[in-house]
Structure formats: C-alpha cells, structure tokens
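Chain order of the listed sequences is A and B. Going by UniProt numbering, the residue at position 145 of the first sequence is 145; the numbering climbs one at a time, nothing skipped. Going by UniProt numbering, the residue at position 248 of the second sequence is 248; the numbering climbs one at a time, nothing skipped. Cβ coordinates follow ideal geometry from the N, Cα and C atoms, glycine included. Every value quoted in this text rests on a predicted model; they were computed, and no experiment measured them. Beneath this line is the structure, given in structure tokens, with notes to follow.
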Amino acid sequence: MARIEPTHGSDGTAGTGEGTRRPHGRRRAVRYAVPVAVAGVAAASIGIGTALASSGDPDLPKISAQDLIAKMAKSDAQQLSGTVKVTTDLGLPSLPSGLSLGDAPGGGKAGHGSAGKDAGADTSPQAKLTELASGTHTLRVAADGPDKQRLSIVERAAEYSLIRNGDQVWAYDSKSNTVHHSTAPKDAHGGNEAPQELRGASPQELAKKTLAAVDDSTSVTVDGTAKVAGRDAYQLVIKPKAAETTVGAVRIAVDAQNGVPLKFTLSPKGGGKAVVDAAFTKVGFGKPAADTFDFKPPKGAKVTEDKADGKGGKDAKGGKGAEGGHGRDGAPDLSGMNVLGKSWTSIAELKAPGGVGSGSGAKGSKDAGPAGALLDSLGSKVSGSFGSGHVFSTRLVNALVTDDGKVYVGAVTKDALIKAASK
Amino acid sequence: MSQAELTTAAAGRAAPSPLWALSLFRSEVGTVFRRWRTIALLGVLAAVPVLVGIAVKMETDDGGAAGHGGGGPAFISQVTNNGLFLVFTSLAATLPFFLPMAVGVVAGDSVAGEASSGTLRYLLVAPAGRTRLLLAKFSATLAFCCAATLTVAASALAVGAILFPLGDVTLISGVTVSFGEGLLRALAVAGAVALSLVGIAALGLFVSTLTNSGIAAMATTVGLLITAQIVDQFPQLHAVQPYLFPHYWLSFADLLRAPVYWDQLLDNVGLQALYAAVFGSAAWARFTSKDVTA
Numbered sequence: 001m002a003r004i005e006p007t008h009g010s011d012g013t014a015g016t017g018e019g020t021r022r023p024h025g026r027r028r029a030v031r032y033a034v035p036v037a038v039a040g041v042a043a044a045s046i047g048i049g050t051a052l053a054s055s056g057d058p059d060l061p062k063i064s065a066q067d068l069i070a071k072m073a074k075s076d077a078q079q080l081s082g083t084v085k086v087t088t089d090l091g092l093p094s095l096p097s098g099l100s101l102g103d104a105p106g107g108g109k110a111g112h113g114s115a116g117k118d119a120g121a122d123t124s125p126q127a128k129l130t131e132l133a134s135g136t137h138t139l140r141v142a143a144d145g146p147d148k149q150r151l152s153i154v155e156r157a158a159e160y161s162l163i164r165n166g167d168q169v170w171a172y173d174s175k176s177n178t179v180h181h182s183t184a185p186k187d188a189h190g191g192n193e194a195p196q197e198l199r200g201a202s203p204q205e206l207a208k209k210t211l212a213a214v215d216d217s218t219s220v221t222v223d224g225t226a227k228v229a230g231r232d233a234y235q236l237v238i239k240p241k242a243a244e245t246t247v248g249a250v251r252i253a254v255d256a257q258n259g260v261p262l263k264f265t266l267s268p269k270g271g272g273k274a275v276v277d278a279a280f281t282k283v284g285f286g287k288p289a290a291d292t293f294d295f296k297p298p299k300g301a302k303v304t305e306d307k308a309d310g311k312g313g314k315d316a317k318g319g320k321g322a323e324g325g326h327g328r329d330g331a332p333d334l335s336g337m338n339v340l341g342k343s344w345t346s347i348a349e350l351k352a353p354g355g356v357g358s359g360s361g362a363k364g365s366k367d368a369g370p371a372g373a374l375l376d377s378l379g380s381k382v383s384g385s386f387g388s389g390h391v392f393s394t395r396l397v398n399a400l401v402t403d404d405g406k407v408y409v410g411a412v413t414k415d416a417l418i419k420a421a422s423k
Numbered sequence: 001m002s003q004a005e006l007t008t009a010a011a012g013r014a015a016p017s018p019l020w021a022l023s024l025f026r027s028e029v030g031t032v033f034r035r036w037r038t039i040a041l042l043g044v045l046a047a048v049p050v051l052v053g054i055a056v057k058m059e060t061d062d063g064g065a066a067g068h069g070g071g072g073p074a075f076i077s078q079v080t081n082n083g084l085f086l087v088f089t090s091l092a093a094t095l096p097f098f099l100p101m102a103v104g105v106v107a108g109d110s111v112a113g114e115a116s117s118g119t120l121r122y123l124l125v126a127p128a129g130r131t132r133l134l135l136a137k138f139s140a141t142l143a144f145c146c147a148a149t150l151t152v153a154a155s156a157l158a159v160g161a162i163l164f165p166l167g168d169v170t171l172i173s174g175v176t177v178s179f180g181e182g183l184l185r186a187l188a189v190a191g192a193v194a195l196s197l198v199g200i201a202a203l204g205l206f207v208s209t210l211t212n213s214g215i216a217a218m219a220t221t222v223g224l225l226i227t228a229q230i231v232d233q234f235p236q237l238h239a240v241q242p243y244l245f246p247h248y249w250l251s252f253a254d255l256l257r258a259p260v261y262w263d264q265l266l267d268n269v270g271l272q273a274l275y276a277a278v279f280g281s282a283a284w285a286r287f288t289s290k291d292v293t294a
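Structure below.
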C-alpha cells in the first residue's frame, strides 16, 4: 500500500522548489514552531499589556496633601459615566445567606426590619447592595448633576439597575423581572444629596466617607502618582495612627485634572490583599445621554412600592454595601446603638438582634446545641470582666458577642473590643 | 512521483482559481450537511427551544411567571412577556453543552473521520494541497457553527411567536426598545454565539488531525469541553479561567444591555481568535507533515 506523504511545496508554504525530500523530523519541528510561536506572541503581548498598564506612573507637578484634599472638596464634576470594578474581601467564611456575618454588624437587623417581608426575590436596593459586600462586581455608573444618577450592577446574563431621576428612585432586577419603586426624600440630608444607596460603592462616596474621618489621629500624605482608567492621578494615603485599629491604610487616587477620586483601596493592618478595592476601569466626564435616566416599568414586570416609613431604616444602611470600607461609619445612624470611642477606633455597641444571624447563635451556645457548636467553630471563645463571649474576626472588622447578648463591633483589634466590653 | 503529478501540482500552485477553492469548500460543506448525523444533531438543537417553550407555557398557564425569584436559565422570566426572549433563553441553555458538543462532533470527525473511513487519501490525491483542504474543512466546520446557532435561534423564534406574545423588548438594563431593534439584537446575539464556537471548532480540528479514529477525536474534543467547563467553575483556579475557551461564552448577554457592555464581548472575540490561531496552526503543522496511511 502506497503511503501518501505531503507533496513538497504543494501548499505553497514549505516549498523551496527543490523537489527533494528534506528530513522529516526537521520539517515537522519547523511547522510545529508556528503554533508555539503564535501562543508565545499572545502570551508575551498579554504580559506586556499588563506591565504597561501597571507601570508608567505619570509625571505630575508636586502637590501637598492639603491642596489635594482641597482639590477633591471643590471638585465640581457633576457629569460622569464609567465602569467601576469593586472587589471586597473581608475574609468572611462563606455562609448561606441569612447566616452571613457580613451584614450582621451594620445592617443585618435593620435589613430584616424594613425589607424582610419579601425575602424570596428582594428587589429593594438595600438588600441588593448587600451582595456587594463580598467578591468582585462590575458596576456601571452615570451621573448628571445631583439628582440624576444611574447605577447598574453587571451580573452574568443579568443586570440590576438603580435609576434616580429627580425624586423618583427605580430599581429593576432583570433576573426576576421585578421593579422596586420609591420616592427619594428631598433635602433629607441637607442639600441635594442623592440617596446613599445609589452611591454606596463608588470611589467618590468611599473617599468622602474616609476624608470625613480624617483628624489629628491620622496621617495624610501624597504618595506619588498613578494612572487609573487612563487618567493621571495623585495617590493620597491616609493612615490612622491609633494602634488599636485594624485599618492599615487607605489609598485614594485623585484625578489630577478635576479632583475626582478614581480609585479607593483599603488595606488591613495585617497586610495582604486589600479589603476594599473600588476603581474606575473606564471613566468619562461628558454629559450622559438624557434617556439614560428615563425609566418606565417594563410591561409585565412586577412592581413593588416602597413604603415611606421605611425611610429611616433605609438611610442607615445606605452605605452598607461598602460597610467594610468605612467600618465605623455606616453604623452610627442605627438607632438603639451606642458608639464607644471615636474616629478610627470607635466601637459600636448593640443588643444582639434576636433571631438573626449571630444573635440566635449566641443564645444557642448556652445549650451547646448545633448552633452553639457552629458558633464555637466560627468564633473564638474569650472571657473577661464582662463575662464570656465569642470573638468573630474578619480581615478588617472584629465583633465580640457576649453571652448576655451584647454585640461590640469595630474595625479594631480583639483586645480593644474586650477592653470596651469590660468597661 | 510521476511527471503528470508534478505538473498538476505545479499547475495547482501556479493558478489557484478562487472558484476552485470555493468548490472544495462547497464539497466539504456538502459532506458535512448531507450526513444523517449532522441532520440529527441539528434536529436535537431545534428541539431544545420547543421543549423550553412548552415547559414555560405549561408552567405559566395559570398566570404565574416562569423562573420566579431568578432561578432557571437566563432570561426565562421574560419569556412569557415576549416570545423573542425564548431565543435568548434557548441560546443560553444550549451554549454550555449542546451547541459545542455538536460542533465538537463535526470538527472532531472532519479529518479523522475521513482517515478512518479511508477516504482521506483520495482527497489528498486531488491537487489541492493539504493546507487548502484543511482550510476547507475548517470553513465547513465554521459554517456548521453558524447553521447550528441559527437553527436554535430560528426554532426558538418560531416557537416563541406561536406560544407567546411578541412586542417591544425590555433589555436587561430595564430599557424598552422596539421589536425591530430587538430582532437586530437577537441576530447580533446569534452572531456572538456562533463566534463563541470558533475556539472549540479549531480545537476539534487539531484533535482530529492527531488520530485516525473519528470516534476518538470526537470523544476527546467533547471531553476537553467538559474539562474546560469544570475548571471554569472553580474559584480557586481563577488565574487560568480567562484563557479557557468557554469562559466568556455568556457574554453574548451583554449585547442586551443599554448601552452595550463591550468589554467581555471583545475579550471573547480575542480569545476565540487566539484559539483559532494556535490550534488552527497546530492542526496545519500536524496535517501537512503527517503520513496518511489510510
């Protein structure tokens, strides 16, 4: 049987026209070099691309920290659209929702108070933004002045959109095809501020919250420059001086031109990956198309109206999506809660919410039932002059649940929590 | 090598009439689409939307909404409002497995199948050159990718139009567009899905040149598909995931946002092009240098 071998040059590539046979092995090796080279070029260009993106800090005139903060304060960029990537890593154990410790500190209780009734498919903004408390999410934001905003959480084959136009706030969840409608309180916060849930995780809002906490217990410096979303930016570094806090440093990249915060990174004192990292991957300061902010409930979508009395509770949780970002900050609005200490080392003291998350676990621990065992496995047992309790640690926030039902939460070390509880 | 062969080979190289190349492609397409197996595959693909449509219709006959609470395949909650969404639901349901499996079967069989049935050497006797034959095989596989996707989409559109109302389309960003634009977007989605299959087509072609057994090539290709899908599920392996060919498959849904979110769509196109380049050239390297004994 005749063996059919490749005809030299018949495909016009390897042919030298000599018509003689070349050694098989060599020719084969040369041909296999092509796919290897293609893969190599691809890998190299990906590598170079990443290297180019991360290097090349822009050359900008020096600026003092005060001037940079002033620049941020008087930044008047009202129109903006872009894509934000938010990565939150509190180091929480992943628990089934409802048991999540992530929202226990700030909003667990209140979340159930105002929005708990339709737990199945909850379209209300506050419930949705809780999801931002862990993992990586892509948001698309657009804003035109103080009362037209749009924020969409880009999900796999679905999207969750929040649209504010004037005093109308709409939320649309494409996954369940449901709409949530509420009316924004005009001037509720003094001035024309947007409802907080619209901005929870944007670098601007996080930066604002952080700057509000800057006082003499904080060192603020400018640390070089960076390129964020293709724009030149200064890096503002804020470091709390207090030894008790678990916050290592906050870095904010501020647009060199218009003072808009483009990137927000919060790293824990323990080192490692940032706890919160919110950055624009794309940003533009042009006026977004007007119809971006038009919203009519789609045909066939289920619409739920928000009751006006839910307002107080809602605002308290507004920044919850970024709870880790400002540890002590979202909490103080909660009613029935004491704040011990101030600034970076403040600790929230509250009664354990019965029936929710850690609270019910705390009671169960006395009976050493399954819940108690769970609690023991998650938290470490501590005791002091306050009695005994469990400490739950994340990479940023620590919580102490005492056996008599009190909860101490703060972005502080365990020792500071025990000290606060012992007082 | 006889004188006649040399002359014809030389002639083939000197004047490759474009029409002639087309006829090679046409004969390959004919080979693919005349097979009962191919027709059966397309039939299965066409049946999926029928199944989904009837299931949704039965579930929602009492007035409820399908997939309430966000369960089930993507877009399923919208199907009762607009039959056009059955196209998106069906594509989302078939893209993870049915579609790539069909492509894997056709691509895996393309060279190895000919080799195992003993017809490959007769193909090579034709003065076309192996490169051109391989290109014709690859193009025929790509034609099958398009045909398979369009089969699902067309069947879904027909079933959707029969069972559910059609009308203005609500995009997943909550924006409502006209039915005409919805149809255009559906066409774009079908295009994006067909493009998503280029990677596995190239992979299948390469595997097909490695063996003389059609079954082995098909099984390997489908096995690689499943492996890639599994690896894509583990969060611990996130470092390699952006380089797996199924990773951006669901990005076709980004065409239904307003404005369209291009990042992942473009990533997908780039990734599929990379797979086509790497495995296409690997298939070429293998096929043009191997001994064909059968």
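Reduced DSSP category for residue i - H, G, I as helix; E, B as strand; rest coil
| i | result |
| --- | --- |
| B/Phe164 | coil |
| B/Thr227 | helix |
| B/Gln233 | coil |
| A/Val214 | coil |
| A/Lys287 | coil |
| B/Val32 | helix |
| B/Phe75 | coil |
| A/Pro146 | coil |
| B/Ile172 | coil |
| A/Ala63 | Reading off the sequence, residue 63 of chain A comes out as Ile, not Ala. DSSP places A/Ile63 in coil when its eight states are reduced to three. |
| B/Tyr275 | helix |
| B/Asp291 | coil |
| A/Glu155 | strand |
| B/Thr209 | helix |
| A/Thr245 | strand |
| A/Thr221 | strand |
| A/Ala362 | Because the pLDDT of A/Ala362 is 39, which lies under 50, any placement of that residue in the model is unreliable, and the number read from its coordinates should be weighed accordingly. If DSSP states are grouped into helix, strand and coil, A/Ala362 belongs with the helices. |
Within 8 Å, strictly: CB atoms of residue i and residue j
| i | j | result |
| --- | --- | --- |
| A/Ser385 | A/Ser422 | yes |
| A/Thr281 | A/Lys85 | yes |
| B/Leu166 | B/Leu225 | no |
| B/Gly160 | B/Leu86 | yes |
| A/Ala348 | A/Val409 | yes |
| A/Thr88 | A/Ala127 | no |
| A/Asn228 | A/Leu262 | The amino acid occupying residue 228 of chain A in the given sequence is Val; Asn does not appear at that position. Yes. |
is_contact[residue i, chain A] using C-beta, thresh 8 Å
| i | result |
| --- | --- |
| B/Tyr248 | no |
| B/Ala74 | yes |
| B/Ala282 | yes |
Chain B within 8 Å of residue i, Cβ atoms only
| i | result |
| --- | --- |
| A/Lys296 | yes |
| A/Lys269 | no |
| A/Asn165 | no |
| A/Ala127 | no |
| A/Ser97 | Residue placement at A/Ser97 is flagged as unreliable, the pLDDT there being 39, under the threshold of 50; the coordinate-derived value follows with that caveat. A/Ser97 does not count as touching chain B. |
| A/Gly300 | yes |
| A/Ser174 | yes |
Neighbouring residues, chain A, relative to residue i (Cβ below 7 Å)
| i | result |
| --- | --- |
| B/Arg257 | Glu159 |
| B/Ala285 | Arg31, Tyr32, Val34 and Pro35 |
Partners in chain B for residue i, counting only beta-carbon separations shorter than 7 Å
| i | result |
| --- | --- |
| A/Val141 | Going along chain B, no residue has its Cβ under 7 Å from A/Val141, so there is no contact; the nearest lies around 13 Å. |
| A/Ala39 | Val278 |
Under 8 Å by beta carbon: chain A residues contacting residue i
| i | result |
| --- | --- |
| B/Gly118 | Per Cβ cutoff of 8 Å: no residues; B/Gly118 is ~11 Å from chain A at best. |
| B/Gln229 | Those do not exist, as B/Gln229 stays about 14 Å from chain A at its closest Cβ, beyond 8 Å. |
Rounded straight-line distance, which links the Cα of residue j to that of residue i
| i | j | result |
| --- | --- | --- |
| B/Gly280 | A/Pro35 | 8 Å |
| A/Gly259 | A/Pro58 | 16 Å |
| B/Phe98 | B/Leu45 | 7 Å |
| A/Ala33 | B/Ala148 | 33 Å |
| B/Ala253 | A/Arg156 | 8 Å |
| A/Arg150 | B/Leu205 | 46 Å |
| B/Lys290 | A/Glu131 | 55 Å |
| B/Glu28 | B/Leu124 | 13 Å |
| residue 424 of chain A | B/Leu157 | Residue 424 of chain A cannot be examined here, being either before or after the span of chain A that is shown, 1 to 423. |
| B/Pro259 | A/Arg140 | 10 Å |
| A/Lys351 | B/Pro73 | 42 Å |
Contact list for residue i against chain A, beta-carbon separation under 9 Å
| i | result |
| --- | --- |
| B/Ser90 | Under the 9 Å cutoff, chain A gives no residues; its nearest Cβ is about 13 Å from B/Ser90. |
| B/Ser23 | Near B/Ser23 there are no residues of chain A at all, since even the closest Cβ is about 18 Å away, more than 9 Å. |
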